[in-house]
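Report on the structure given below.
Number of protein chains: 2
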Amino acid sequence: MPRRTNTRERLIETAAGLFWRQGYAQTGVNEIMQQAQTTSGSFYHFFPAKQDLLLAVVDHVGELLEAEVFAAAADRSDDPLEQVFAVIDASRRHLESNDFNLGSPLGALAAELSASHPEVRERIAGLFDAWTDRVGALLEAAGSRLPPEIDRRALARFILAVVEGAILEARVSRDLTPFDAAVAELRRHLALLAPGVQPAAARSAQPRPTPRPQPRAADWRAW
Amino acid sequence: MPRRTNTRERLIETAAGLFWRQGYAQTGVNEIMQQAQTTSGSFYHFFPAKQDLLLAVVDHVGELLEAEVFAAAADRSDDPLEQVFAVIDASRRHLESNDFNLGSPLGALAAELSASHPEVRERIAGLFDAWTDRVGALLEAAGSRLPPEIDRRALARFILAVVEGAILEARVSRDLTPFDAAVAELRRHLALLAPGVQPAAARSAQPRPTPRPQPRAADWRAW
DNA sequence: GTCTATACCCTGATAGAC
DNA sequence: GTCTATCAGGGTATAGAC
């Protein structure tokens, strides 16, 4: 039963930002406390150890994924296939608004900790599955616009791979061009599968002018 | 002017393994020295600081990429498009032979250090470019089997994204299925672009029996 | 629930003999 | 070029008053 303030949440949110920017091992508990304006006593009151904060962060990302990314995508278009690209575009904006210092929230932690922290690895695997399910459902909803022999879930996994890889390339090159190129190629792939998807210019540039700023993504952009 | 032994190389190679398994920040100098059977004096004789060893490791990977991966791919097939898939298959074998504890040598370091270590980021960007050039050249060599309007280099970047993303998914799920699925989908993409590429069964399984073990990849597998 | 003070270990790095 | 011994500092985590 929590008593008054939001210290716990503040810790989770600032830790999330720091972990994704710098990595888990490179981020000190001191730094987190300082930036969250808390002290050691509070920290260890909520989290027995640094690793427990990490797990809370991963869960937090999972909630945001659902609440921000997919909900916002549904707001942006009624077309399920365009919603898929809206989800992808959320990653793009995320990358852009953080000056490339922040890639995929999950991807970065996954790469760093999969081998050494089994519990973290499992949770991230669960979130990847959730992402795949959500995108897979959108592909299902596209119905006959995709040929029936195409495995929707496998295609969703493929899209996840493209997005994670594209984020990595963008971070490394500090340039959105490879990201845009990868998304354009992905669009071409879907267009080849399903003539219903307009192929979009092969050039990089903006995928299309954002109709309106997404409403609830305040937190997401703040990182 | 080096005098007698191979201590420097031993340090680089064991550090490479540890960095990719555990991450850079999580690997202590002590651990490296211990596993390389050396002491502090030797370490700091060759590398003024830990970060200098990191840079040497990145350069080392670049050399291996050329010497092992691309050379081995050229040995495996005369067909340039199949050589591309041989390069991809090298990552698969790598993943498999390390029980998923080791993803893309560059991808892992890139994800961890891009934001905080600009010099490392730049070198990795250079190696990604080199990879893209090499694969782009193979796609060029495919000539008229790909439609002329396709930008070969952009397609190579796309392939890199797919591979890096697929490696990440495989690491996180400790399962090669998503990797194989992504490669199968990539094959389908090329097949749709160029009817000359056989689509390969959509099922995962072995991409095809390895004709003979690659000759020079001893080191590569040892990590 | 939050504060201050502090324990204690492991880290990267140095010194100097051989 | 390699060894042993050691340092200074930051790391996570704890104790106990308020």
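Protein sequence lines correspond, in order, to chains D and P. Numbering-wise, the first sequence is residues 0 to 222 according to numbering that gives the first Met the number 0. Numbering-wise, the second sequence is residues 0 to 222 according to numbering that gives the first Met the number 0. Cβ atoms here follow ideal geometry from the backbone N, Cα and C, with glycine treated the same way.
Asked                                                                                                                                                                : Found
Rounding to the nearest angstrom, what Cα-Cα distance links Leu-105 of chain P and Arg-9 of chain D in this structure?                                               : 33 Å
Closer than 8 Å, CB to CB, is His-59 of chain D near chain P or not?                                                                                                 : no
Comparing the C-beta of Leu-167 of chain P with each C-beta of chain D, is any distance below 8 Å?                                                                   : yes
State buried or exposed for Ala-48 of chain D, treating a residue as buried only when at least 16 other CB atoms are found within 10 Å of its CB.                    : exposed
So what does DSSP say about Leu-145 of chain P, is it helix, strand or coil?                                                                                         : coil
What do you get for Ser-90 of chain P, buried or exposed, if any count of 16 or more other CB atoms within 10 angstroms of its CB means buried?                      : buried
Below 7 Å between beta carbons is the criterion; list the residues of the segment 13-24 of chain P that meet it against any residue of chain D, in chain order.      : Arg-20, Gln-21, Gly-22, Ala-24
For Ile-123 of chain P, go through chain D and note every residue whose CB falls closer than 7 Å to its CB, in chain order.                                          : Val-171
For the putative contact between Arg-20 of chain P and Ala-114 of chain D, defined by C-beta atoms under 8 Å, what is the C-beta separation to the nearest angstrom? : 5 Å
With a cut-off of 8 Å, do at least 3 Cβ pairs link the segment 176-184 of chain D to the segment 171-187 of chain P?                                                 : no
How many angstroms separate the CA atom of Glu-184 of chain D from the CA atom of Leu-154 of chain P?                                                                : 7 Å
Do you know offhand how far His-116 of chain D's Cα is from Tyr-23 of chain D's?                                                                                     : 11 Å
Anyone know if the C-beta pair for Ala-193 of chain D and Arg-144 of chain D falls short of 8 Å?                                                                     : yes
Establish whether the CB of Ala-200 of chain D and some CB of chain P are separated by less than 8 Å.                                                                : Annotation note: pLDDT 47 at Ala-200 of chain D (below 50); position unreliable, no value reported.
Which residues in the same chain have their Cβ closer than 6 Å to the Cβ of Thr-37 of chain P, if we skip the five residues on either side of it in sequence?        : Thr-6
According to DSSP, simplified to helix, strand and coil, what is Asp-58 of chain D?                                                                                  : helix
Is Phe-69 of chain D close to chain P? Criterion is C-beta to C-beta, closer than 8 Å.                                                                               : no
Should Gln-33 of chain P be labelled buried (16 or more other beta-carbon atoms within 10 Å of its own) or exposed?                                                  : exposed
Anything in the segment 107-120 of chain P with a Cβ closer than 7 Å to a Cβ of chain D? List those residues in chain order, please.                                 : Ala-107, Ala-109, Ala-110, Glu-111, Ser-113, Ala-114, Ser-115, Arg-120
At which residue ranges does the segment 89-167 of chain D contain complete alpha helix (DSSP H) runs of 4 or more residues, listed in the order of the chain?       : 104-112, 117-140
Rounded C-beta distance between Val-134 of chain D and Val-60 of chain D? I'm assuming under 8 Å.                                                                    : Val-134 of chain D to Val-60 of chain D, Cβ: 16 Å. No contact.
Is there at least one Cβ from chain P nearer than 8 Å to Gly-135 of chain D's Cβ?                                                                                    : no
Is Gly-164 of chain D near the ligand SAM, with its Cβ less than 7 Å from a heavy atom?                                                                              : Among the ligands in the structure shown, none appear at all, so the ligand SAM cannot be discussed.
What does Gly-164 of chain P touch in chain D if you count any residue whose Cβ is under 8 Å from its own?                                                           : Leu-159, Ala-160, Val-161, Val-162, Glu-163, Gly-164, Ala-165, Leu-167
Give a yes or no on whether the minimum CB-CB distance between His-93 of chain D and chain P is below 8 Å.                                                           : no
Using 10 angstroms around the beta-carbon of Gly-164 of chain P, count the other beta-carbons present and answer buried if the total reaches 16, otherwise exposed.  : buried
Pull up the distance between the alpha-carbon of Leu-126 of chain D and that of Ala-109 of chain D, whole angstroms please.                                          : 11 Å
I want to see whether chain D comes within less than 8 Å of Val-83 of chain P, judged by CB atoms only; does it?                                                     : no
Who are the Cβ neighbours of Pro-79 of chain D in its own chain at under 6 Å, not counting the five residues just before and after it?                               : Leu-137, Ala-140, Ala-141
What number of angstroms, rounded off, separates the C-alpha of Thr-4 of chain P from the C-alpha of Asp-58 of chain P?                                              : 20 Å
Quick one: list the residues of chain P neighbouring Pro-194 of chain D, beta-carbon separation under 8 Å, in chain order.                                           : Neighbours of Pro-194 of chain D on chain P: none; closest Cβ ~12 Å, over 8 Å.
Helix or strand or just coil, what does DSSP make of Thr-38 of chain D?                                                                                              : coil
Residues of chain D with a CB under 7 Å from the CB of Ala-181 of chain P: which are they?                                                                           : Arg-156, Phe-157, Ala-160
Nearest CA to the CA of Leu-17 of chain D: which residue from D:Leu-53, D:Ser-39, D:Gly-40?                                                                          : D:Leu-53
Give a yes or no on whether the C-beta atoms belonging to Leu-189 of chain D and Trp-130 of chain D are separated by under 8 Å.                                      : no
Give the interface partners of Phe-127 of chain P over in chain D, defined as CB-CB distance under 8 Å, in chain order.                                              : Glu-168, Val-171, Ser-172
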